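Colleague: Using the numbering used here, the first residue of the sequence shown is number 335, and each one after it goes up by one. Glycine included, C-beta positions come from ideal geometry on N, C-alpha and C. On a predicted model such as this, the values are computed, not experimentally measured, just so you know. First, the structure itself, so that you have it in front of you.
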Amino acid sequence: MEEGEFHTRVCRVEEYKFRVSFNNKIDDIYTDEPEPLGKGEYPNAGKLLAAAVGNCLCASLVFCMEKSHAEVPSISAEVSAKLERNEHGRFRITHMSVNMFPQFEDTARFDRCRQVFEDFCIVTQSVRAGIPVDVQIYPVKKS
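Encoded structure:
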């Protein structure tokens, strides 16, 4: 990853279904609002935001472990987002909780990465500027 800009194009397909295009190398994805607005056939923007936070945290932990020459054979995350109305009655995501389940062998390297990896996650740190994001890790030591 480099500094600079990236671009995403969002085009309405029908009703509340949108096609999201990234570039020539990445397949388009679709979004949709849940019923009653949309059909709920695809994730909405809030779910994509939660997925982006979980994905970025997993990738940041894997990156740290690999830089430390330690393996992470498996990792997953579960992200919960709290949706509430603000003082104007508008829905907002007010909190996210991320439970991570990394598998690893090297405890010392994992403990070091556990202390620093969140700071390298661009999505989580950007979101935290406006939404509290709590992260819990449930390590699975590879046997």
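Find out if the Cβ-Cβ distance for the pair residue 457, residue 387 is shorter than 8 Å.
Modeller: Yes, these two residues count as a Cβ contact at 8 Å.
Colleague: Following the continuous beta strand (DSSP E) through residue 469, name the residue where it begins and the one where it ends.
Modeller: Unbroken beta strand (DSSP E) run through residue 469: 467-471.
Colleague: So for residue 430, helix, strand or coil by DSSP?
Modeller: Here residue 430 sits in strand by DSSP.
Colleague: So residue 351 and residue 376 are supposed to be a Cβ contact under 8 Å. How far apart are they, rounded?
Modeller: With 8 Å as the limit, residue 351 and residue 376 qualify as a contact, their Cβ atoms being about 7 Å apart.
Colleague: Have a look at residue 368 and residue 397 and give me their C-alpha separation to the nearest angstrom.
Modeller: Using only the alpha carbons, I get a separation of about 34 Å.
Colleague: Tell me which same chain residues have a C-beta within less than 7 Å of the C-beta of residue 353, skipping the five on either side of it?
Modeller: Only 345, 347, 362, 364 meet the Cβ criterion.
Colleague: Short of 8 Å in beta carbon distance, which residues of its chain neighbour residue 374, apart from the five on each side in sequence? Order them along the chain.
Modeller: Here the set comprises 366, 367, 368.
Colleague: Based on the DSSP output, what are the partners of residue 345 in its beta bridges?
Modeller: Answer is 353.
Colleague: In the DSSP assignment, what are the bridge partners of residue 419?
Modeller: Answer is 425, bridged to residue 419.
Colleague: Who does residue 411 pair with in a DSSP beta bridge?
Modeller: In the DSSP output, where bridge partners are listed per residue, residue 411 has 434.
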